[in-house]
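Structure first, commentary second.
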Amino acid sequence: MTIFKRIYHAILKRKNPLAYAKIIGVNFPWGGVHLYGDVNWSTEPWIITLGNNVHITGGTKFITHDGGTLLYRNQIPDLEITKPIVVGNDVYIGNNVIILPGVTIGNNVVIGAGAVVSKNIPDNSVAVGVPARVIKTADEYLEKLKRESLHLGHLKGEEKDRALMNYYNYKGNSKGIYF
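At position 22 of the sequence shown (counting the first as 1) the number is 17 in my numbering, and the numbers step up by one without a gap.
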């Protein structure tokens, strides 16, 4: 890759991460994927497929190959393990999740922060941990969210911060994050 292309990719990744993902080959419907922070798409992004209403948070890594094969290529020169990753519809992927080669994540799934997804995750599941394992159904998770909700999710930015400060009786400020 030329230096100009590298610079262009770096700028595009920062300014328009969805356009960057499309250019490098990630398969997803326009308008159906939401990125919150930096995402690593691996070295074979064209074998990653994302569904509709997929939310991916910062630090997420998609790993499409097994780099350990490099140790054995002196014995087996054509050794290669590369597998696609498929993410269904209505999926939330928490911060710093690692998704390993060959994994399929079903529909209506929440993957908790820091999870390492090494096996398929079925539809309607919440999975957490290292390695990720299903801990409850999506319906059970929704019921918990309903019970614990602050009912402020419709608010944005400073308005939401003020409501949270009021709710928790916090007297500080939002540390100048708004201009």
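All C-beta atoms in this analysis are idealised placements derived from N, C-alpha and C, irrespective of residue type, glycine included.
Which one or two residues does DSSP pair with residue i in a beta bridge?
i: residue 175; result: Past the edges of the chain, shown from -4 to 174, lies residue 175, and the structure says nothing about it.
i: residue 45; result: 82
i: residue 105; result: 87 and 121
i: residue 99; result: 81
i: residue 23; result: Paired residues: none, contrary to the question.
i: residue 94; result: 57 and 112
i: residue 51; result: 30 and 88
Looking at the unbroken beta strand (DSSP E) that takes in residue i, where does it start and where does it end?
i: residue 127; result: First-last for residue 127: undefined, no H or E at that position.
In the DSSP assignment, find the alpha helix (DSSP H) that holds residue i and state where it starts and stops.
i: residue 136; result: 133 to 143
i: residue 30; result: Unbroken run through residue 30 is the beta strand (DSSP E), 28 to 31; no alpha helix (DSSP H).
i: residue 18; result: 12 to 19
Helix, strand or coil: which one does DSSP assign to residue i?
i: residue -1; result: helix
i: residue 35; result: strand
i: residue 149; result: coil
i: residue 259; result: Lying outside -4 to 174, the shown extent of the chain, residue 259 is not represented and no answer is given.
i: residue 64; result: helix
Problem - At least 3 beta-carbon pairs within less than 8 Å: the stretch 21 to 32 vs the stretch 44 to 60 - result: Result yes; three or more Cβ-Cβ pairs closer than 8 Å.
Exercise for the section: Count the CB pairs spanning the stretch 66 to 84 and the stretch 101 to 112 that are closer than 8 Å, and state whether there are at least three. Expected result: Contact holds: three or more Cβ-Cβ distances are below 8 Å.
Problem - Validate contact between the stretch 150 to 167 and the stretch 133 to 141 using beta carbons, cut 8 Å, 3 pairs - result: Contact fails: fewer than three Cβ-Cβ distances are below 8 Å.
Practice task
Mind the definition here: the stretch 48 to 60 touches the stretch 32 to 40 only if three or more C-beta pairs lie below 8 Å; say whether that holds.
Solution key: Between the stretch 48 to 60 and the stretch 32 to 40, the count of Cβ pairs shorter than 8 Å is three or higher; the stretches touch.
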